[in-house]
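Enquirer: From first to last, the protein sequence lines are chains A and B.
So that you can map any letter, position 154 of the first sequence is 290 in our numbering, and since no number is skipped, the others follow by simple counting.
So that you can map any letter, position 174 of the second sequence is 310 in our numbering, and since no number is skipped, the others follow by simple counting.
Note that CB positions come from ideal geometry on N, CA and C, so glycine has one too.
Predicted model, so just to flag it, every value in this text is computed and none were measured.
2 protein chains.
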Amino acid sequence: MRKYYIGIDVGGTSMKMGLMSESGEVLAEAEHLTQKEDGPDGVIARMVEDAKQLADGAGISWNQIGGVGVGLPGFLDIPNGVVKYLTNLGWRNVPIKEKLEQAWQVPVSIDNDANVAALGEAWQGAGKGVDDLVCITLGTGVGGGVIAEGHLLHGMNGFAGEVGHIQVDREGVRCNCGQIGCLETVASATALVRMAREAIDQGRETVLTAESLSAREIFSACAKGDPVASEIVAKAIDALARTLAVLSLVLNPSRFIIGGGVAKAGDVLLNPLREAYEKEAQDNVKQGVEIVLAKLGNRAGFIGAAGLLARGRK
Amino acid sequence: MRKYYIGIDVGGTSMKMGLMSESGEVLAEAEHLTQKEDGPDGVIARMVEDAKQLADGAGISWNQIGGVGVGLPGFLDIPNGVVKYLTNLGWRNVPIKEKLEQAWQVPVSIDNDANVAALGEAWQGAGKGVDDLVCITLGTGVGGGVIAEGHLLHGMNGFAGEVGHIQVDREGVRCNCGQIGCLETVASATALVRMAREAIDQGRETVLTAESLSAREIFSACAKGDPVASEIVAKAIDALARTLAVLSLVLNPSRFIIGGGVAKAGDVLLNPLREAYEKEAQDNVKQGVEIVLAKLGNRAGFIGAAGLLARGRK
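(1) Output needed in chain order: residues of the segment 273-297 of chain B with a Cβ under 8 Å from some Cβ in chain A.
(2) Under DSSP, the alpha helix (DSSP H) around G265 (chain B) begins and ends at which residues?
(3) State the start and end residues of the unbroken beta strand (DSSP E) segment that holds F295 (chain B).
(4) Counting C-beta neighbours from all protein chains within 10 Å, is the total for S390 (chain A) 16 or more, i.e. buried, or is it exposed?
(5) For H168 (chain A) and chain B, any beta-carbon pair shorter than 7 Å?
(6) Could you tell me if V343 (chain B) is buried or exposed, where buried requires 16 or more neighbouring beta carbons within 10 angstroms of its beta carbon?
(7) Between Y413 (chain B) and L380 (chain B), is the Cβ-Cβ spacing less than 7 Å?
(8) Looking at D145 (chain A) and L444 (chain A), is the spacing between their C-beta atoms short of 7 Å?
(9) Mind checking who Q303 (chain B) pairs with in its DSSP beta bridge?
(10) List the residues that DSSP assigns as beta-bridge partners of A164 (chain A).
(11) Kindly say whether L269 (chain B), judged by its beta-carbon, lies nearer than 7 Å to any beta-carbon of chain A.
(12) Here's the rule I'm using: 16 or more other beta-carbon atoms within 10 Å means buried, otherwise exposed. How should D174 (chain B) be labelled?
(13) Indicate whether at least one CB of chain B lies closer than 7 Å to the CB of V304 (chain A).
(14) Can you tell me which of the three DSSP states R449 (chain A) falls into?
(15) Are V421 (chain A) and L385 (chain A) close, meaning C-beta to C-beta below 7 Å?
(16) Given a cut-off of 7 Å, decide if A430 (chain A) and E257 (chain A) are closer than it, judged by their beta-carbon atoms.
(17) Per DSSP, what kind of secondary structure is G193 (chain B) in: helix, strand or coil?
(18) Given this structure, state the Cα-to-Cα distance separating G395 (chain A) from E353 (chain A), to the nearest angstrom.
(19) Out of A:F392, A:G202, A:V278, A:E367, which has the shortest C-alpha to C-alpha gap to V242 (chain A)?
(20) For P389 (chain B), go through chain A and note every residue whose CB falls closer than 8 Å to its CB, in chain order.
(21) Whose CA, out of A:T170, A:L155, A:I368, A:L289, lies closest to the CA of A332 (chain A)?
(22) In chain order, what are the residue ranges of uninterrupted alpha helix (DSSP H) at least 4 long that sit wholly in the segment 342-392 of chain A?
(23) Could you list which residues in chain B have their beta carbon closer than 8 Å to that of D419 (chain A), in chain order?
(24) Chain A partners of L383 (chain B), CB-CB under 7 Å?
(25) Measure the Cβ-Cβ separation of G294 (chain A) and L212 (chain A) and say whether it is below 7 Å.
(26) Of the residues A:S350, A:V428, A:M153, which one's Cα is nearest the Cα of V270 (chain A)?
(27) If you count every other CB in all the chains shown that lies within 10 Å of the CB of L383 (chain A), and 16 or more means buried, which is it?
(28) Residues of chain D with a CB under 8 Å from the CB of Q423 (chain A): which are they?
(29) CA-CA distance, A253 (chain A) and L319 (chain A)?
(30) For G147 (chain A), is the classification buried or exposed, using 16 other Cβ atoms within 10 angstroms of its Cβ as the cut-off for buried?
(31) State the start and end residues of the unbroken beta strand (DSSP E) segment that holds L409 (chain B).
(32) To the nearest angstrom, how far is it from the Cα of G193 (chain A) to the Cα of M183 (chain A)?
(33) Which value, in whole angstroms, describes the spacing of the CA atoms of Y140 (chain A) and S197 (chain A)?
(34) What does the alpha-carbon distance come out to for the pair T345 (chain B) and D305 (chain B)?
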C-alpha cells in the first residue's frame, strides 16, 4: 500500500521537504542547503538521498511512497517535467522528472513555487475545503496561484496566477519584468522599502530611518500613525484591492489567501484591504468573499508539492 | 443508445435550439419567440414541446436524447439548476432544471448565456481543440467565458468570466453595474455609439451622423480614416488590449476569441488589437497567444448549451 507522499520545495538557498500522509498530515520534515554550486546533477543526487533518508528516519519504507512532488522557482515545462530555466540556480533544460523517477522509481510531478504554495494552502492551509481561491504571496516579489473548482490552474505555459505583474499604475515605476507599474512594484516588501527610501531621500518627516527599513518597520510605523508609512501602506492596499476586484470578475473565487512576509502585518494589512475591496469589487462577485491570511508559512511549498500527487492531481 | 443532445439558448425575445450529435454536429435547429408574457410556466411548457418537436422532426426518438442544456441570461444557481433572477424575463426563483427533468425525463443542465457561448466556441467553434481560452462577446454589453484546462469556469456563484466589468478607466463613465469605467463602458457597441454621439454633440468634425450611429458605421468610418471614429476605436482597442493582458497573467490562455456585433468589424478591430496586445502583455504570458474571431455567431449559445452535457461536463 503506497500511502505516503513526499513534497520538496527547492529554493535558491535551501530545499525544504516533508513526508506526508495521503490525508495531508506532515509526518516528518527537513531542510537542507541547496548548494547550487554543485549544478543540477549534484543537487538532484542529494535530493534523491535526502528524500530517502526522510522516509527512512520516519520508519516508512520507500515502497510505501506513492510519489514525490517538487516545487521549483522558475520556468518549467510542467507536463513533461522539464526545467526550462531557473533564474536563481542557473539551471537550463534539465529533465528533472525523468532523472528523479529513474532514481526513485516512483511518479514525480513538478510545478512552480507559487503554484505549489497555493496548492498547499488549498489542501491543508487557509483554503482547506474551498474549491475556488486565489493565493497571493507578498514577499520580495508578488506571486500567485489559482485554484478553480478544486483544480490548480496552469494555463498554456504554467503562468496562470502571475498576479504580481498585473498593471496597477500606468504611470508607475518599471518592474523587473520590464513592464510599468506592476502590482509587484507597489505591494511587495521590496516595493514598500523602496517607497519609504524615496520618502526619506525627499526629506519627508517620518519615524522611518534609512538604516532599518523593512516591511515590518513600515507597518509598525503605519500602525502608530506615521504619515509616510501610512501613505505607503495605503498605496499598496489600494493596488491590492483593485487587483482582487479584477480577480473576482475573472475567477469569482470565494476566498483570497494572502501570504508572504508582508502578510505578517496581519490585521493592519487585512482590515483596510477588506474595506478597500468592498469598495472596489463589483456587487455580484464580492458577495461572500473572504480575505484571509495564509496559514502554512514557508511549509506551504512542500505541502503543496506533495499535494500534486496526494490529491491525485484533481 | 442515447447519442443526441439538445441545446437551448433562451433570450428575452427568442429561444434558439439545436439538436446535436455527441460529436457536435448540428442535426436540426429552430427558433421560437420566447413570449415572456406567458411567465415561466408558459415559456417552460412551450420549451418542452418545441424540443420534442425538434427531435421528432429530425427522426430522432426522445429516448435517444442524452440530455438537454439550457443557457439563460441572468443570475442562476447553476449546480441546483435554479433561476434566481432573469432581468430580461422577470423570472425569480424558478427551479427550471427540476421542472424540465420532470417533463422530459432526461438530465438537464443550465448555465448562463456568456458561459454557454464560450463553451460553444470552445467545443465546435474558434476554440476547437484548445484547452485554455477566453471568449469575449462585444455586443450591447461585454460578456465573457473562460475555459481553463478544458473546463468551463464558474467560480463560487457562476460569475467567473465577467470580464466586461473589469475597470479600465478610473476616471471613466458610470456603467450599468454601478461601477466606474468598466470595459463595457468603452468597448461595447453601446459604448462606441455613446462616444460617437458625444463627439457629434461637441461639434467635432466627422463623417458620422447622429441619425445612423452603429458600431458598424463607426468601424467603417475608422477604416476610411475619420478622426473621431479612429479615436473611438483606438480607445476601445486600448482598453481591450489591457484587459487581455490582465487575463493572460491570470489564466495564461493560448487563445482569445472575440465575438459579438462589434467583432463583425473583423480585421479593422483584430489587427490593431493584436498589435496593442503585443505591447501591453507581459513577455512570458503572451508567447504563442492567438486572438481570433468567434465562428459560431448566435448559434454559439445553443451549441454550448448542448455541450454542457455532450462534453460530459468535462
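Expert: Straight from the coordinates:
(1) V282, A284, E285, H287, L289, H290, G291, M292, N293, G294, F295, A296, G297
(2) From DSSP, G265 (chain B) is part of no alpha helix (DSSP H); its letter is neither H nor E.
(3) F295 (chain B) -> no beta strand (DSSP E), and no H or E assigned at all.
(4) buried
(5) no
(6) exposed
(7) yes
(8) no
(9) B:C318
(10) A:L155
(11) no
(12) exposed
(13) no
(14) Bear in mind that a pLDDT of 44 at R449 (chain A), under 50, signals an unreliable position, so the number given afterwards is only what the model happens to contain. Coil.
(15) yes
(16) yes
(17) helix
(18) 18 Å
(19) A:G202
(20) G291, M292
(21) A:I368
(22) 351-359, 363-387
(23) C313, G314
(24) V386
(25) yes
(26) A:V428
(27) buried
(28) Chain labels in this structure do not include chain D; the protein chains are A and B.
(29) 19 Å
(30) buried
(31) Not the beta strand (DSSP E): L409 (chain B) falls in the alpha helix (DSSP H), residues 403-416.
(32) 15 Å
(33) 10 Å
(34) 27 Å
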